[in-house]
Amino acid sequence: MYHRLLIPLDGSELAEQALAQVEHVAATGAQITLLQIVQPPLPVIAAEMAVPLPAVSSEELRQEAETYLQTVASRLRERVGNVHIAVVEGDAVAETIVQYARDHGHDLILMSTHGRGGLSRLVFGSVAEAVVRHAPCPVLIVRPQSKGER
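Here the sequence shown is numbered in the working numbering, starting from 11 and rising by one per residue.
In structure tokens:
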């Protein structure tokens, strides 16, 4: 059983599937941290653009992530109790997850994979694979299930 769990979430239903495994791996009284990585908005530099794009600030992205994580945390607290949230800004998602786990002494990273394969995986990469390769602790990857499989 693990005492300090890190659960990276990206706001998707697929990522939240990892939450179903918390009771199976968390020790009594475990500290669970829900983490979301906020990628800084890219500046748009194109003088010839006729239509201005709405600018979203890092603070707005951070606030949206905190609201989302608070909602998920409140549901999870009903089942396991000790749940914290963290929002971190970072360009490289996998590296930011690994560094957060290292900096905060987590003993398990619990996450879902989006299950991409083939060309899609080649183009988009695999955050889960990069986390497994570089994590300072064990990583439990939950296979995504479609609604029909649940």
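Glycine is no exception: its CB is placed at the ideal position from the N, C-alpha and C atoms.
Open item on the list: Starting from residue 144, trace the alpha helix (DSSP H) in both directions and tell me its first and last residue.
Closed with: 137-144
Open item on the list: To the nearest angstrom, how far is the alpha carbon of residue 66 from that of residue 84?
Closed with: 27 Å
- [ ] Can you have a look at residue 18 and say buried or exposed, based on whether 16 or more other CB atoms are within 10 angstroms of its CB?
- [x] buried
- [ ] Output the distance between the C-alpha atoms of residue 38 and residue 24, rounded to the nearest integer angstrom.
- [x] 26 Å
TODO: Would you kindly check if the distance between the Cβ of residue 47 and the Cβ of residue 98 is under 8 Å?
DONE: yes
Open item on the list: What does DSSP give as the partner residue(s) for residue 120 in the beta ladder?
Closed with: 150
TODO: Would you identify the three-state DSSP class for residue 29, choosing helix, strand or coil?
DONE: helix
Task: Burial state of residue 68 (16 or more Cβ within 10 Å) - done: exposed
Task: Residues near residue 87 in its chain [Cβ-Cβ closer than 7 Å; skip 5 each side] - done: 93
- [ ] Mind reading off the beta-carbon distance from residue 154 to residue 111? Whole number of angstroms is fine, and I expect it under 8 Å.
- [x] Wrong, their Cβ atoms sit about 21 Å apart, outside the cutoff.
- [ ] For residue 31, I'd like the list of residues in its chain whose CB is within less than 8 Å of its CB, leaving aside the five on either flank, ordered along the chain.
- [x] 120, 150 and 152
Open item on the list: Alpha carbons only, please: which of 141, 49 and 15 is nearest the one belonging to residue 33?
Closed with: 15
Open item on the list: Among the candidates 26, 74, 124 and 106, whose CA atom is the shortest distance from the CA of residue 141?
Closed with: 106
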